[in-house]
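Student: Have a look at the structure that comes next, please.
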Amino acid sequence: MGRVHSFEPLIGTNPGVLILGSMPSVISLQFAQYYGNPRNAFWPIMAELFDIEIGCEYSQRVDQLGRMPVILWDTIKACHREGSLDSDIQKHQLEANDIPSLLNRFSKINLLAFNGATSEKYFNQLVKPNLSSCRAIDFIRLPSTSPANAGMTFEEKLSDWRRLLDYL
């Protein structure tokens with residue numbers, strides 16, 4: 027696949043939480059959809075947390091998420107990666123999304139929630155040094171919703187992801 031690029035952010039209504047993935051999978055890129063792999067637990071978790079109907083078209087899921095107080099984006103804007111695994115992301119020529127500008131635009135964001143360890147790792151390396159230290163934002167790493175994270179059940183992932191609701 028070579029060099030891959032993430033999507034534009036999905037911006038909800040009056041957002042208080044920014045959910046950051048690492049980089050869309052090959053399937054997600056092919057479908058041009060956040061969490062497009064049907065085995066990814068992201069949309070089922072959103073259904074449980076926000077009562078989103080996930081049996082509908084992707085555009086309808088996006089519209090529903092757009093009424094929620096969250097923003098969905100990725101830490102990495104562009105990178106070289108063969109396949110879908112985060113472990114395949116090549117460390118040279120990484121480019122981060124402009125998360126500081128997004129946070130400046132949406133001053134009510136009080137939580138950055140990382141969908142897995144890779145998103146958090148690259149955020150800490152590429153983005154965090156450029157953040158203003160005068161703003162109080164919490165950071166939490168949630169279990170990856172990827173099907174590659176097979177060490178946790180859906181119920182265990184959902185239980186951890188419920189922490190988002192404390193910030194809304």
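For the sequence shown, this note's numbering assigns the number 27 to the initial residue and increments by one for each residue that follows. Just so it is clear, CB atoms sit at the ideal spot from N, CA and C, and this is done for glycine as well.
For the segment 132-145 and the segment 71-89, state whether three or more C-beta atom pairs, one from each stretch, are separated by less than 8 Å.
Tutor: no
Student: Given that a residue counts as buried once 16 or more other Cβ atoms are within 10 Å of its Cβ, and exposed if not, what is Phe165?
Tutor: The residue in question, Phe165, is exposed, as its Cβ has fewer than 16 Cβ neighbours within 10 Å.
Student: According to DSSP, which residues form a beta bridge with Glu121?
Tutor: Ala104
Student: Figure out for me which residue from His118, Asn63 and Met94 has the closest Cα to the Cα of Asp77.
Tutor: Of all alpha-carbon atoms in His118, Asn63 and Met94, the one lying nearest the alpha-carbon of Asp77 is that of Met94.
Student: How many angstroms separate the CA atom of Phe180 from the CA atom of Ala67?
Tutor: 7 Å
Student: For Val30, which option in Asn40, Ser158 and Leu120 has the closest C-alpha, if you only look at C-alpha atoms?
Tutor: It is Leu120 whose Cα lies nearest to the Cα of Val30.
Student: Counting along the chain, where does the alpha helix (DSSP H) carrying Val88 start and finish?
Tutor: Tyr84 to Leu91
Student: Tell me, which residues are paired with Phe132 by DSSP?
Tutor: DSSP output for Phe132 lists no bridge partner at all.
Student: Just verifying my parser: in three-state terms, what is the DSSP assignment at Asp186?
Tutor: helix
Student: To the nearest angstrom, how far is it from the Cα of Arg63 to the Cα of Ala73?
Tutor: According to the sequence provided, residue 63 is Asn. The question's Arg does not apply to it. Roughly 16 Å between the two C-alpha positions.
Student: Go ahead and label Arg107 buried or exposed: buried means 16 or more other beta carbons lie within 10 angstroms of its beta carbon, across all protein chains shown.
Tutor: Burial call: buried.
Student: Near Pro155, which residues of its chain fall below 7 Å by C-beta distance, leaving aside the five closest residues on each side in sequence?
Tutor: Cβ within range, chain order: n/a, list empty.
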